[in-house]
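Enquirer:
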Amino acid sequence: MITLFKDEKIILIQRKYWLPFVLEAIPLVLIAILPFILFIFIEALPLPQDIKNIFLNYSNYYFFFSFNFVFIVWMFLGILWTNYYLDILIITNKRIIDIEQIGLFSRDEAEIRFEKIEDIRIEIVGFLPSLLKFGNIHIQSAAEKREFVLKDFQNPYKIKDIIATQKEKVFEENKT
3 MITLFKDEKI ILIQRKYWLP FVLEAIPLVL IAILPFILFI FIEALPLPQD
53 IKNIFLNYSN YYFFFSFNFV FIVWMFLGIL WTNYYLDILI ITNKRIIDIE
103 QIGLFSRDEA EIRFEKIEDI RIEIVGFLPS LLKFGNIHIQ SAAEKREFVL
153 KDFQNPYKIK DIIATQKEKV FEENKT
């Protein structure tokens, strides 16, 4: 749970872009339906008839283990969804908070105050990220952890502009 400082207001809350999650989930879905596709095409496979008969005679066991396999793949898909859904970026008027879920029971929360920001760099690599406008934001800081990386966020230029605007406001407030 994030606790805001006195006079701190949330400016932006943003989740990671959905496409990297989908690209990781598609192989899991294909793996989950593979046993059922194999069962449908067992007659067409070039296997000896004895093996085909054993396969067809014990189809109940095959489906039992196939559904257990699908359940296990479903759990991995749930973990993948949890990792995607709980990764969040929060920009306030005083700091940037990056919450990254790692597995089911681990979370990494990092924050950087606007006073510590030295440089912001946008990284968009590849055809799809360029077309769909999502990428990484690298924030150089004067803190102990030199680089702060926000991965796979939609419209990183908008986020960079918000950060730069807030950094300038904090600079002006501290100047007076």
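Take the sequence shown: its letters are residues 3 to 178, numbered as in the numbering used here. Using N, Cα and C, we set each Cβ at its ideal position, and we do this for glycine too.
Just reading off the beta strand (DSSP E) that residue 134 is part of, what are its end residues?
Expert: No beta strand (DSSP E) holds residue 134; the alpha helix (DSSP H) holding it covers 129-134.
Enquirer: Quickly, what does DSSP pair residue 108 with across the bridge? List them, please.
Expert: Residue 108 pairs with 104.
Enquirer: Determine, using beta carbons only, whether residue 91 and residue 155 come nearer to each other than 8 angstroms.
Expert: Cβ atoms of residue 91 and residue 155: closer than 8 angstroms.
Enquirer: Is it the case that the CB of residue 52 approaches a heavy atom of the ligand GTP more closely than 7 angstroms?
Expert: In the structure on display, the ligand GTP does not appear, and there are no ligands present to speak of.
Enquirer: With DSSP run on the structure shown, which of helix, strand or coil describes residue 175?
Expert: Reduced to three states, the DSSP call for residue 175 is helix.
Enquirer: Take residue 116 and list the residues in its own chain whose beta-carbon comes closer than 6 angstroms to its own, dropping the five residues that flank it on each side.
Expert: The answer, listed in chain order, is 168, 169, 172.
Enquirer: Which partner residues does residue 67 have in the DSSP bridge list?
Expert: Per DSSP, none; premise fails for residue 67.
Enquirer: Using beta-carbon positions only, say whether residue 114 and residue 158 come within less than 8 angstroms of one another.
Expert: No, these two residues do not count as a Cβ contact at 8 angstroms.
Enquirer: Whole angstroms is fine: what's the gap from residue 128's alpha carbon to residue 122's?
Expert: Taking the straight line from one Cα to the other gives about 20 angstroms.
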